[in-house]
Amino acid sequence: MKKVFKAFFEKFRREKAERPLSETANTQPSVEIHPLKKSERIIEVQGLTKVFDGVTVIDNMNLAIKKGEFVTLLGPSGCGKTTLLRIIAGFETPTEGQVFLENVNVTDVPPYRRPVNTVFQRYALFPHLNVFKNIAYGLKIKKIDKKVIAEKVNAALKMVDLEGYGHRDVSSLSGGQQQRVAIARALVCEPKVLLLDEPLGALDLKMRKDMQEELMAMHKRLGITFLYVTHDQEEALTMSDTVVVINDGVIQQIGTPKKIYDEPANAFVADFIGESNIISGVMLKDFCVRFLGQDFECVDKGFAKNEKVDLVIRPEDIKVYPEGDEKGQLVGKVLSSIFKGTFYQMEILANEYQFTVQSTKESKEGDTVSIGVKPDGIHIMKKLRSTNTFYGKVTGEDTVEFCGTEFTFNNVDGIEAGTDVEISVDFDAVSLNDDETDGDLGGNVSQTLYKGKYYQVQVYTDTDEDFFTDTVDDWDINDRIGIKIDHSKIVVKRLENEE
Ligand code: ATP
């Protein structure tokens, strides 16, 4: 069950209602690299790739971070956030690409010579040293004068609100206090950038909330750049100036929390950030989209005529009217209705799509209602992918190898064996089986998106390639499955540079 970020949503709901339509209109969304002048950039990665044991964890990433901002790397577990942070810190070397700090190429510079310091989730304090000595450690190594060390350590203790704790044994401190010592230890060397790797992950909820506020206040006071890693959407949205959403080692979107919530670049971002209704549709023309068999006015433009799109409607943007009310556009049946304190959370089935709806007005389970959405409540997104594309080689008269497996195909163009080719496999040519041995190859489910009559599922093969398919079955993340391909639908083309 996804979280509802009540306070955050309430604020957006109010702001959205007050905004003129022209401000909510947008053209075709895309991943945009933070447009920064050179003098504004403090961290930059260019063409960054990291491969571990043959698996690409960061995939040709470009990112620039603005001096003084609180920037968060947000994404699901395993998406590569920590790896990116560790490469910036210098603890990991990139397989390809470069890292710049203050516009200086530091790709080959060791961690201790970079103007950054890292705070880890596990505080990594020295248990045999007291609080003062833990914080002083880095300065002592640099052979700084004892008096200066004392001044700096005391200033750092003050910064993290631990004045008078210098003599304490670190093991006598609470988790939150230990984390503050770790932050003080990172700050005492006066880094230009503080890298924070899920620093609140080990704390309980209450302490986590308190520390979030402290970190925000500290960021304001210090004026240095914070680069923060988390998989917690609420934490990212409440704390950051800029959020970088990552999935599978690829940046999906960069923007303010508000932009990412209001205008997600694609279905992944929409689904990952908050509750959403994601539906497949067709952009008939500028400002007009068809979905669930009906045409709707929207505020988006710049898509090709009849382009297939994904669209998101947030639960709070769906209006519920009494049965027969002409203000609504779809007839719906209320499947469930739960009071959540300030609104009713309802599941409403309309045209075979199960909408999640939040409304201050109650409708009861079993009611027939009329539901509608205003043009600015519909946000159009480019499809993540319209077909599966792979690269491989023709191996025989009617055989082609891709994803580490040989398939038969209809070789209409008479492509010779040994030719490098591009292979397209439409979503509807792929089916998934419980039993791995029933498939042409095995894989693991990595994402599922509810799209009404079906789920869009992403599956990773053992050769680190992924298939998208639409299926009526609701698979769990990491389910081990068999991928079956309809060989008659495999389309093979010579690569363009091939004869
Ligand atoms: P989490 O939120 O769970 O920490 P993350 O987004 O920070 O996830 P990373 O720690 O960057 O993810 O890991 C990305 C992928 O790289 C994972 O599949 C992980 O197992 C793999 N990985 C990370 N470090 C190594 C390593 N040293 N050797 C091999 N694989 C690694």
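Quick note: the sequence shown uses our numbering, first residue 924, plus one each step.
Cβ atoms here follow ideal geometry from the backbone N, Cα and C, with glycine treated the same way.
Remember, it's a predicted structure, so these values are computed and weren't measured experimentally.
Any heavy atom of ligand 1 inside 7 Å of the beta-carbon of CYS1112?
CYS1112: no, Cβ never under 7 Å from ligand 1.
Whose CB is closer than 6 Å to a heavy atom of ligand 1? List the residues in chain order.
The answer, residue by residue, is PHE975, ASP976, VAL980, GLY998, SER1000, GLY1001, CYS1002, GLY1003, LYS1004, THR1005, THR1006 and HIS1154.
Between which two residues does the alpha helix (DSSP H) harbouring GLU1072 extend?
Note that residue 1072 corresponds to Ile in the displayed sequence, not to Glu. Counting along the chain, the alpha helix (DSSP H) containing ILE1072 begins and ends at 1069-1082.
Distance cutoff 8 Å, beta carbons only. Does THR1006 sit that close to anything in chain D?
As a matter of chain content, chain D is missing from the structure shown, which is built from one protein chain.
Would you tell me roughly how many angstroms separate the C-alpha atoms of MET1304 and PHE1278, rounded to the nearest one?
Near 18 Å, if we compare the C-alpha coordinates of PHE1278 and MET1304.
At what residues does the beta strand (DSSP E) containing PRO1245 begin and finish?
Segment 1241-1245, the beta strand (DSSP E) holding PRO1245.
With GLY1099 and GLY1020 assumed to form a contact (beta carbons below 8 Å), what rounded beta-carbon distance in angstroms separates them?
In fact, because the Cβ distance is near 37 Å, the residues do not count as touching under 8 Å.
For the alpha helix (DSSP H) containing HIS1142, list its first residue and its last residue.
Note, HIS1142: alpha helix (DSSP H), 1128-1145.
Taking the alpha carbon of THR1148 as the point to measure from, which residue in HIS1154, ASP1164 and GLU1157 has its own alpha carbon closest?
Answer by Cα proximity: ASP1164.
Where are the alpha helix (DSSP H) runs, 4 residues long or more, that stay fully inside the region 1188-1241, in chain order?
If we require 4 residues or more, the alpha helix (DSSP H) runs fully inside the region 1188-1241 come out as 1190-1195.
In or out: TYR1314 buried (at least 16 other Cβ within 10 Å) or exposed?
Exposed: under 16 other Cβ atoms inside 10 Å.
What are the uninterrupted segments assigned as beta strand (DSSP E) that are 3 or more residues long and contained completely in the region 949-1030, given in chain order?
Here the runs fully enclosed are 964-975, 978-989, 993-997 and 1019-1024.
Take every Cβ of the region 1323-1338, pair it with every Cβ of the region 1408-1420, and state whether three or more of those distances are shorter than 8 Å.
Enough Cβ pairs lie closer than 8 Å, so yes.
Only counting the same chain, and skipping five residues up and downstream in sequence, which positions put a Cβ closer than 6 Å to that of SER1354?
Cβ within range, chain order: LYS1407.
Decide yes or no for the touch test of the region 1022-1032 against the region 1192-1207: beta carbon pairs closer than 8 Å, at least 3 of them.
No, because fewer than three Cβ pairs between the region 1022-1032 and the region 1192-1207 fall closer than 8 Å, the two stretches do not touch.
Tell me whether the beta-carbon of LYS1228 lies closer than 8 Å to the beta-carbon of LYS1250.
Contact: no.
Return the CA-CA distance between SER1369 and ALA1273, expressed in angstroms with no decimal places.
Approximately 28 Å, taken between the alpha carbons.
Using a threshold of 8 Å, state whether the C-beta atoms of ASN1057 and VAL1093 are closer than that.
The answer is yes: Cβ separation under 8 Å.
Below 8 Å CB to CB, which residues in the same chain sit around GLY1365 once its five sequence neighbours on both sides are set aside?
The answer, listed in chain order, is GLU1359, THR1384, ASP1385, ARG1403, ILE1404, GLY1405 and ILE1406.
Out of GLY1327, THR1312 and ASP1363, which has the shortest C-alpha to C-alpha gap to GLU1345?
When only C-alpha atoms are compared, the closest one is THR1312.
Going by DSSP, what residues sit across from GLN1381 in a beta bridge?
GLN1381 is bridged to GLN1370 and PHE1391.
DSSP on ASN1311, reduced to helix/strand/coil?
Correct three-state label for ASN1311: strand.
Let me check understanding here. Comparing Cα to Cα, which of ALA987, LEU986 and GLY1003 lies closest to VAL978?
With distances taken between Cα atoms, VAL978 lies closest to GLY1003.
Identify the residues that DSSP records as bridge partners of ASP1092: which are they?
Bridge partners of ASP1092: ASN1053.
Measure the CB-CB distance between VAL1192 and VAL1168 and report whether it falls below 8 Å.
Yes. Within cutoff.
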